[in-house]
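Residue numbers in the sequence shown follow my numbering, run continuously in steps of one, and reach 446 at the last position.
Taking it in order: structure first as structure tokens, then the write-up.
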Amino acid sequence: MTAPETDPTTTETDPEALRNRALASLTAARDRTTLLTTCVDEPDLTAQHSPLMSPLVWDLAHIGNQEELWLLRTVGGREAMRPEIDGLYDAFEHPRAERPRLPLLPPEEARRYAAEVRGRVTDLLEDADFHGTRLTESGFAFGMIAQHEQQHDETMLITHQLRKGPAVLTAPDPEPVQAFTGPAEVLVPGGPFTMGTSDEPWALDNERPAHPREVEPFWIDTTPVTNAAYQAFIEDGGYDTERWWAPEGWAHVRQHAVDAPLFWRREGGQWLRRRFGITEPVPPDEPVLHVSWYEADAYARWAGRRLPTETEWEKAARFDPATGRSRRYPWGDTDPAPDQANLGQRHLGPAPAGSYPAGESPLGVRQLIGDVWEWTASDFLPYPGFRAFPYKEYSEVFFGPEYKVLRGGSFAVDAVACRGTFRNWDYPIRRQIFCGFRTARSEAV
Ligand SMILES: [Fe+2]
Numbered sequence: 002m003t004a005p006e007t008d009p010t011t012t013e014t015d016p017e018a019l020r021n022r023a024l025a026s027l028t029a030a031r032d033r034t035t036l037l038t039t040c041v042d043e044p045d046l047t048a049q050h051s052p053l054m055s056p057l058v059w060d061l062a063h064i065g066n067q068e069e070l071w072l073l074r075t076v077g078g079r080e081a082m083r084p085e086i087d088g089l090y091d092a093f094e095h096p097r098a099e100r101p102r103l104p105l106l107p108p109e110e111a112r113r114y115a116a117e118v119r120g121r122v123t124d125l126l127e128d129a130d131f132h133g134t135r136l137t138e139s140g141f142a143f144g145m146i147a148q149h150e151q152q153h154d155e156t157m158l159i160t161h162q163l164r165k166g167p168a169v170l171t172a173p174d175p176e177p178v179q180a181f182t183g184p185a186e187v188l189v190p191g192g193p194f195t196m197g198t199s200d201e202p203w204a205l206d207n208e209r210p211a212h213p214r215e216v217e218p219f220w221i222d223t224t225p226v227t228n229a230a231y232q233a234f235i236e237d238g239g240y241d242t243e244r245w246w247a248p249e250g251w252a253h254v255r256q257h258a259v260d261a262p263l264f265w266r267r268e269g270g271q272w273l274r275r276r277f278g279i280t281e282p283v284p285p286d287e288p289v290l291h292v293s294w295y296e297a298d299a300y301a302r303w304a305g306r307r308l309p310t311e312t313e314w315e316k317a318a319r320f321d322p323a324t325g326r327s328r329r330y331p332w333g334d335t336d337p338a339p340d341q342a343n344l345g346q347r348h349l350g351p352a353p354a355g356s357y358p359a360g361e362s363p364l365g366v367r368q369l370i371g372d373v374w375e376w377t378a379s380d381f382l383p384y385p386g387f388r389a390f391p392y393k394e395y396s397e398v399f400f401g402p403e404y405k406v407l408r409g410g411s412f413a414v415d416a417v418a419c420r421g422t423f424r425n426w427d428y429p430i431r432r433q434i435f436c437g438f439r440t441a442r443s444e445a446v
């Protein structure tokens, strides 16, 4: 094993540049929040579209409340603006199913509150000190809050997908591409690499610290598994064949009569899907979306393969065999550009498998960042040397075997909340999230 090397980062120390980055990230998040909460009317904002989700108006005021709590009160030392609402917007105090019955701020008041918080945060940023504490260093707290808002924007986009009724969101589809004709899989060499990060300024606690990991050589799919490939699993009786399934997965699909990805239905011999209020044929070349970990795991077994571990996924995404170094992103150390990854809700779905050649990893693996969150085989666990920061409820309370790790972000994730080291987690039965997968196999198999 080699010692962890120093991560390449774009560490910025100039306060003016940090201020600009913080403000631009917060503004981009608010623009997206505004888009997602103004395209529906008041009854839609206060309705609960699924017991899995909050009413949109809860997310809106929660975004403002977390921003007030961390930036104005904790960093800025200001008094609480509305202490009586803190409990309503504490995600741990009230599970999602309960939130519609709370005396939430009505939409106009929630908007005003979030805007007032933002106005004060903008003032605070004017003479913010980016040194001194771990929370303020490199503008971390501002970056954390911009990521938090973008994560809720993704959550709100999931609510939009679950919402019944006509389409209210529009975005151009990704540019059509020629069918991908490259190799179906690539070999990732065994040996050590550096996983996680110690130096990325806005990385969250669960991505830290950088540490050495050893993997055996393995093969990984060049692109995420497509709808066409997944349909072959369905046509082959995949959902009716117990041996492909983990026992809990088999029990789950039997009990809930699951026989296709969420939002799919079959009509006249054709698979259709509902996407943000529009019903359309399932496009064969797109990465499959809205499958649970159990479905991904069963597909992989049917295909004679397996899900990659989280460590394997990160090595495929970040390891550069020419230098032995781990990159920030598959393509290098620069922030994502539009020709490298499908991020930030520019589109309302993934791009065809094989898109974004400019975003491929040194080993030639594509679409690791953006498009679809990718289920991995791994449970969500802390890295060696993990320290909860700035609060236990960000990650630590979720560590354990009940959650599986997802990697790489989706079309609904903004670049500020997506890195080669970024870790997401969810229950293995979840399907409403923008999740897909790719498969792997050990070299000797
Ligand atoms: Fe939150």
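Where is the CB? At the ideal position from N, CA and C, for every residue including glycine.
In the three-state scheme derived from DSSP, where H, G and I count as helix and E and B as strand, I146 is classed as helix. Closest in C-alpha terms to Y395, from the list D372, D45, A129, W426, comes W426.
Note: V226 is not bridge-paired with any residue in the DSSP secondary-structure output. With respect to the 8 Å criterion, R121 and L70 are not classified as neighbours on the basis of their beta carbons.
Taking the CA atoms as reference points, F399 sits about 21 Å from V414. The continuous stretches of alpha helix (DSSP H) do not include G192, which lies in the beta strand (DSSP E) extending over residues 192–196. The beta-bridge partner set that DSSP reports for L407 consists of W376, N425. Rounded to the nearest angstrom, the gap between the Cα atoms of E94 and T223 is 42 Å. Taking 8 Å as the cut-off, the Cβ atoms of V289 and G183 do not count as close. Counting only residues of its own chain and dropping the five nearest sequence neighbours on each side, Q152 has a CB closer than 7 Å to the CB of A418.
Residue ranges of uninterrupted alpha helix (DSSP H) with 4 or more members, entirely inside the stretch 213–262 and ordered along the chain, are 228–236, 248–256. Annotation: R326 to R424 spans about 20 Å, alpha carbon to alpha carbon. Taking C-beta atoms as the reference points, H257 and Y295 fail to come closer than 8 Å.
For T47, the uninterrupted alpha helix (DSSP H) run begins and ends at 43–47, by DSSP. Under the DSSP assignment, P16 falls in the alpha helix (DSSP H) whose first and last residues are 16–39.
Spanning the alpha carbons of P210 and D200 requires a straight line of approximately 8 Å. Per DSSP, reduced to three states, the secondary structure at W265 is strand. Residue range 441–443 is occupied by the beta strand (DSSP E) that includes A441. Contact between the stretch 319–339 and the stretch 153–172 is absent: fewer than three C-beta pairs spanning the two stretches fall below 8 Å. Contact between the stretch 355–362 and the stretch 380–395 is absent: fewer than 3 CB-CB pairs across the two stretches fall below 8 Å.
Around R319, the same chain offers S327, R328, G421 as residues with beta carbons nearer than 6 Å, after the five sequence neighbours per side are excluded.
Contact fails between the stretch 185–196 and the stretch 78–87, because fewer than three Cβ pairs, one in each stretch, are under 8 Å apart.
For L170, the closest of A185, D241, V178, T160 by C-alpha to C-alpha distance is T160. Straight-line spacing of the CA atoms in T134 and R97 works out to 33 Å. Residue environment analysis places D286 among the buried positions, since at least 16 neighbouring C-beta atoms fall within 10 angstroms of its C-beta. Proximity of the beta carbon of A229 to ligand 1 is not indicated: no heavy atom of the ligand is located closer than 7 Å.
By a beta-carbon distance limit of 8 Å, L158 contacts Q346. Their separation comes to about 6 Å.
By the Cβ criterion, the stretch 21–32 is in contact with the stretch 138–154, since at least three pairs of Cβ atoms, one from each stretch, lie closer than 8 Å. Sorting P429, D128, D372, H50 by C-alpha distance to the C-alpha of H348 places D372 at the top. Taken through DSSP and simplified to helix, strand or coil, L273 comes out as strand.
By the Cβ test, the stretch 264–280 is not in contact with the stretch 237–252, since fewer than three Cβ pairs between them sit closer than 8 Å. According to the DSSP assignment, L61 belongs to no beta strand (DSSP E) but to the alpha helix (DSSP H) extending over 57–68.
At a cut-off of 4 residues, not a single continuous stretch assigned as alpha helix (DSSP H) sits fully inside the stretch 333–365. Proximity of the stretch 374–388 to the stretch 105–120 falls short of the contact definition, fewer than three beta-carbon pairs being nearer than 8 Å. Closest in alpha carbon position to T39, among A445, P108, Q271, F143, is P108. Closest in alpha carbon position to L308, among V226, Y357, P16, P402, is V226.
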